[in-house]
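Notes to accompany the following structure.
Numbering (this note's numbering), first residue to last: 19 to 336.
Rendered as structure tokens:
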């Protein structure tokens, strides 16, 4: 058990995830927290004895039937431990709780929200994103995994094969409830077909433009005051940059992180198109160059922010 836990921690570390607290379900049982939480449900009138078992009155919260918390043989169910876990979170002062579950737990969401209310708290303070399973594709074929046959591909294997940046982006680039087909052949490509390469190349291009421009003393110390009259394409870029605030506000409420990956790819696409049609550094037109450099600097900072939020590195060169 300790070996597996350490392996999980190391993999998550490689993936860029660090948990402040590791919580053992066993501690809920050993400390008596499960029985205490079940007693609270009984006290609040939402648990009852029937056929020598303890039941949660989940039909009071829209469930199709009441659910067993403690079986007639004395064994508690998974739901009983979750009652104690929710109460533990609330006791520790958390106001908003996010419980990530697999798509096969769809019916469990209403039950958990009902338990929140039964414990005396607002069900709206519990969010339960449901994630689909991931399938792996290599050489045009799906990789068949089997626990019985010992054929498994772990997250550690994925990170070792494609790198942390690509692994993170590919997982972020899907809605939680959408099936993800992880294409390993695409993930290892160093071309614009790979969305991570495409995005990072856009950032590196902004960096290269700025560094080259700064070699000219007339194009240094760029500020917002340098913004001039914009072309239609520049207006589109600015509108795209400004829309990031709305997207981040939305993600903070609905946890749809894929909106950020969609955004940054669209921004990269707009920038690559702009670069192809606009000469940014023009020694014969300093005012226009300074205006366009101001735009490129804002673009660079926007790419940096997006990649920082996604936990993806900003390469110096490509």
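Every residue gets a Cβ at the ideal spot worked out from N, C-alpha and C, and that includes glycine.
field: Residue nearest to residue 237 in terms of C-alpha spacing, selected from 100, 304 and 59
entry: In the chain shown, residue 237 corresponds to position 219, counting from 1. For the residues 100, 304 and 59, the minimum Cα distance to residue 237 belongs to 304.
task: With DSSP collapsed to three states, give me the class of residue 171.
output: For this step, residue 171 is matched to residue 153 along the chain shown. Here DSSP, grouped into helix, strand and coil, assigns residue 171 to coil.
message: Quick check: what's the CA-CA separation for residue 203 versus residue 224?
response: By 1-based counting over the chain shown, the position of residue 203 is 185. By 1-based counting over the chain shown, the position of residue 224 is 206. Those two C-alpha atoms are separated by around 28 Å.
message: Alpha carbons only, please: which of 329, 209, 60 and 336 is nearest the one belonging to residue 31?
response: Along the chain shown, read from residue 1 onward, the residue named residue 31 stands at position 13. With respect to the C-alpha of residue 31, the residue from 329, 209, 60 and 336 having the closest C-alpha is 329.
query: Of all the options 79, 147 and 83, which has the alpha carbon lying nearest to the alpha carbon of residue 136?
result: On the chain shown, position 118 is the one that residue 136 refers to. Per the C-alpha coordinates, the member of 79, 147 and 83 positioned closest to residue 136 is 79.
query: Mind checking residue 311: buried by the 16 CB within 10 Å criterion, or exposed?
result: Taking the first residue of the chain shown as 1, we reach residue 311 at position 293. Flag for residue 311 reads buried.
task: Just the C-alpha distance for residue 314 and residue 207, rounded to the nearest angstrom, thanks.
output: Within the chain shown, numbered from 1, the residue matching residue 314 stands at position 296. Within the chain shown, numbered from 1, the residue matching residue 207 stands at position 189. Annotation: residue 314 to residue 207 spans about 27 Å, alpha carbon to alpha carbon.
task: Just confirm the distance between the C-beta atoms of residue 153 and residue 200, as a whole number of angstroms; I'd bet it's less than 8 Å.
output: For the purposes of this step, residue 153 is taken as the residue at position 135 of the chain shown. For the purposes of this step, residue 200 is taken as the residue at position 182 of the chain shown. Going by Cβ atoms, the distance from residue 153 to residue 200 rounds to 7 Å, so yes, they are a contact pair.
Cβ pair count under 8 Å reaching 3, the segment 100 to 109 against the segment 171 to 190: In short, these stretches do not touch, since the Cβ pair count stays below three.
- request: Give every residue of the same chain whose Cβ lies closer than 6 Å to the Cβ of residue 322, excluding the five residues on either side of it in the sequence, and list them in chain order.
  value: Stepping through the chain shown from its first residue, residue 322 is reached at position 304. Taking residue 322 as the centre and dropping the five residues before and after it, the same chain places the C-beta of 332 closer than 6 Å to its C-beta, in chain order.
query: Beta-carbon separation of residue 114 and residue 148 under 8 Å?
result: Translated into positions along the chain shown, residue 114 becomes position 96. Translated into positions along the chain shown, residue 148 becomes position 130. If you check the CB distance, residue 114 and residue 148 do not come in under 8 Å.
- prompt: Is the CB-CB distance between residue 285 and residue 258 below 8 Å?
  reply: Here residue 285 refers to the residue found at position 267 of the chain shown. Here residue 258 refers to the residue found at position 240 of the chain shown. In this structure, residue 285 places its C-beta atom within 8 Å of the C-beta atom of residue 258.
field: Rounded straight-line distance, which links the Cα of residue 288 to that of residue 268
entry: Counting from 1 along the chain shown, the entry for residue 268 is found at position 250. Counting from 1 along the chain shown, the entry for residue 288 is found at position 270. Rounded to the nearest whole angstrom, the C-alpha separation of residue 268 and residue 288 is 22 Å.
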